[in-house]
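Notes follow the structure.
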């Protein structure tokens, strides 16, 4: 039931039916109020200069935009980068250095799935999770980092930074709760809007593919994976974003589908690799146009 509600909300935000559009219009007064409050919040903030280049990558809407591969691609081009993010879904609190420039310092339960992706893909980067981005930025400077990438921090108006916003296609352009927009592009912010297939392209590889694969994923808007799926996918299983899998539920999927392996994204992979189950990896990476870096 929980999964059904999640997918209904995603449909409402990004591809609404007639009845959902009607609900959206009925909620417009609340959306106008919400958007006005967000504008007042933006105007009340004074951006602090930390004396280090800071780039935030994210989107204005709720749900996934594929920002993690883009942050990874940008960080690979930088010297001594730090990746800072909240760490959604982690079983820890406070600031934690997930990885320094030498080694990974905690497990995925402590870091959260997205932070562990950065830790495994960016061998020379520092990865920090923290609810307070300012504390984490100061820690990155203390560790000798030369540039900071903030994962999804457009709303942190009290931090001086450059914002890269991924343009996400939607048929609903209202603010919450009528639509998916958390904020608008406020005048006065240093913002670059990036479009897929213009400013960056996605490159997909499948590692350890088998003849019969069950797609299992816990990402927002999982249907966006459809155009990247290889031949051999015989079933699809969608879980709520940041879902923590159990080995037993994955074994049941393998058994009921009669599949040879589970096809997963890297976000799923970092949470289940220790289960020693047959896995095929759908690895999505990004190639960035030279003009934006």
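In our numbering, the protein residues as written are 9 to 301. The C-beta atom is built at its ideal place from N, Cα and C for all residues, glycine as well.
Can you check which of these residues, the options, is closest to residue i by C-alpha distance?
i: residue 107; options: 89, 99, 96, 201; result: 89
i: residue 262; options: 245, 273, 214; result: 245
i: residue 240; options: 121, 166, 135, 265; result: 265
i: residue 96; options: 78, 113, 77, 124; result: 124
i: residue 83; options: 252, 113, 165, 62; result: 62
i: residue 214; options: 94, 143, 46, 277; result: 277
i: residue 209; options: 23, 110, 294, 13; result: 294
i: residue 16; options: 147, 167, 188; result: 188
i: residue 55; options: 147, 130, 98, 164; result: 164
i: residue 220; options: 202, 249, 257, 268; result: 268
i: residue 139; options: 23, 93, 250, 146; result: 93
i: residue 130; options: 77, 204, 144, 250; result: 77
i: residue 216; options: 273, 195, 167; result: 273
i: residue 26; options: 250, 222, 180, 248; result: 180
i: residue 325; options: 190, 103, 160; result: Nothing about residue 325 can be read from this structure; the chain reaches only from 9 to 301.
i: residue 101; options: 144, 211, 74, 167; result: 144
i: residue 197; options: 253, 167, 73, 45; result: 167
Could you tell me the distance, in whole angstroms, from the CA atom of residue i to the CA atom of residue j?
i: residue 282; j: residue 158; result: 28 angstroms
i: residue 10; j: residue 57; result: At residue 10, the pLDDT of 44 sits below 50, so the modelled position is not reliable; the number obtained from the coordinates is stated separately. So the two alpha carbons sit approximately 42 angstroms from each other.
i: residue 285; j: residue 41; result: 49 angstroms
i: residue 19; j: residue 150; result: 44 angstroms
i: residue 153; j: residue 86; result: 10 angstroms
i: residue 31; j: residue 134; result: 44 angstroms
i: residue 52; j: residue 171; result: 19 angstroms
i: residue 297; j: residue 260; result: 43 angstroms
i: residue 156; j: residue 192; result: 23 angstroms
i: residue 169; j: residue 162; result: 9 angstroms
i: residue 242; j: residue 271; result: 10 angstroms
i: residue 137; j: residue 105; result: 7 angstroms
i: residue 176; j: residue 116; result: 28 angstroms
i: residue 183; j: residue 28; result: 15 angstroms
i: residue 328; j: residue 60; result: The chain is shown from 9 up to 301; residue 328 falls before or after that span and cannot be answered.
i: residue 99; j: residue 119; result: 8 angstroms
i: residue 50; j: residue 279; result: 36 angstroms
i: residue 43; j: residue 33; result: 15 angstroms
i: residue 258; j: residue 238; result: 20 angstroms
i: residue 114; j: residue 146; result: 20 angstroms
i: residue 38; j: residue 48; result: 15 angstroms
i: residue 109; j: residue 128; result: 11 angstroms
i: residue 14; j: residue 203; result: 26 angstroms
i: residue 248; j: residue 23; result: 18 angstroms
i: residue 190; j: residue 223; result: 30 angstroms
i: residue 81; j: residue 46; result: 30 angstroms
i: residue 194; j: residue 205; result: 25 angstroms
i: residue 250; j: residue 73; result: 14 angstroms
i: residue 64; j: residue 132; result: 19 angstroms
i: residue 253; j: residue 212; result: 24 angstroms
i: residue 79; j: residue 218; result: 30 angstroms
Below 8 angstroms on the Cβ atoms is my guess for residue i versus residue j; work out the distance and round it to an integer in Å.
i: residue 178; j: residue 21; result: 7 angstroms
i: residue 306; j: residue 228; result: Not covered by the structure: residue 306. The range shown for the chain is 9 to 301.
i: residue 91; j: residue 126; result: 5 angstroms
i: residue 121; j: residue 275; result: 5 angstroms
i: residue 35; j: residue 185; result: 5 angstroms
i: residue 300; j: residue 200; result: 7 angstroms
i: residue 75; j: residue 160; result: 6 angstroms
inquiry  = For the pair the region 227-242 and the region 287-294, tell me if three or more CB-CB distances fall below 8 angstroms.
reply    = yes
task = Starting from the N-terminal side, write out each stretch of the alpha helix (DSSP H) that is 4 residues or longer and does not extend beyond the region 31-97.
result = 36-52, 75-84
task = Could you pull out every unbroken beta strand (DSSP E) segment of at least 3 residues lying fully inside the region 96-175, listed in chain order?
result = 104-107, 134-137, 155-159, 170-174
request  = May I have a chain-ordered list of the beta strand (DSSP E) segments no shorter than 3 residues that lie completely inside the region 213-286?
outcome  = Correct list: 221-225, 241-246, 269-273.
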